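Positions 846 to 1020 (the working numbering) are the ones given, in order, by the sequence shown.
No residue lacks a Cβ here, since even glycine has one placed at the ideal position from N, Cα and C.
All figures in this text were calculated on a predicted structure; none of them were measured in a lab.
See structure below.
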Amino acid sequence: MVSTAVLIGLIVAAFGAGWVNAVVGGGGLIMLPSLLVSLPREVPVASVVGTNKTAQVVGNITAGASYLRRQRPDWRIFLWAAFTALLGALAGVRVLRLMSRAVFPPILGGVLVVLGGFPWRRPTMGVKVNEADQGGHPLLMAIIGFFLGFYDAAIGPGEARFWVRRFVAVCASRY
846 MVSTAVLIGL
856 IVAAFGAGWV
866 NAVVGGGGLI
876 MLPSLLVSLP
886 REVPVASVVG
896 TNKTAQVVGN
906 ITAGASYLRR
916 QRPDWRIFLW
926 AAFTALLGAL
936 AGVRVLRLMS
946 RAVFPPILGG
956 VLVVLGGFPW
966 RRPTMGVKVN
976 EADQGGHPLL
986 MAIIGFFLGF
996 YDAAIGPGEA
1006 RFWVRRFVAV
1016 CASRY
């Protein structure tokens, strides 16, 4: 059971994460650490990450629908990557269930540092894709799909940014 103050703090964090996610993506970078700090240490890591993912489902569906209205992906590549992402997610969940609360926060901290460096290294990557440049290699996208599905299930935050960056890098010849 959490206190009223903790619950209010989590609600504020959820609104902040939702706003960040809607504007630039990456709301999980706010919400997951908030959950880890706020929830009792007895709560398994898989439950904390699952709670975070449950809150993101609506946002992810909305973002996916918006993307599909604006872009016309090659469905063979898109569906193949989605299928292998599902396989990766199943493997990621198995690994996540083995992680303890002592191991997960340092891993998440490292991920936050790495994700923080991406915008400085290539700030415009993923911003614009020319339709004429779209293409890509199905096997490479399937491999990327597996690893991103694994990452999303085992860690999570920033996964959407990885998808955008990988699809742009693989499916477009110039940015």
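For Gln916, the three-state DSSP class (helix, strand or coil): coil
Determine, using beta carbons only, whether Asn866 and Leu880 come nearer to each other than 9 Å. no
Can you give the Cα-Cα distance for Ser945 and Val938, rounded to whole angstroms? 13 Å
Going straight from the alpha carbon of Thr929 to that of Ile853, what length do you get? 38 Å
Can you check whether the CB of Val940 is closer than 9 Å to the CB of Ala999? yes
With distances taken from CA atoms, which of Ser848, Gly873, Thr849 and Ala850 is nearest Phe860? Gly873
Taking 6 Å as the limit between beta carbons, can you name the residues of its chain near Gly904, skipping five residues before and five after? Asn866
Three or more C-beta pairs below 8 Å linking the segment 916-936 and the segment 989-998: yes
Can you give me the C-alpha to C-alpha distance between Leu877 and Gly962, rounded to a whole angstrom? 19 Å
Can you give me the Cβ contacts of Val851 inside the same chain, cut-off strictly under 6 Å, excluding the 5 residues immediately before and after it? Ser883
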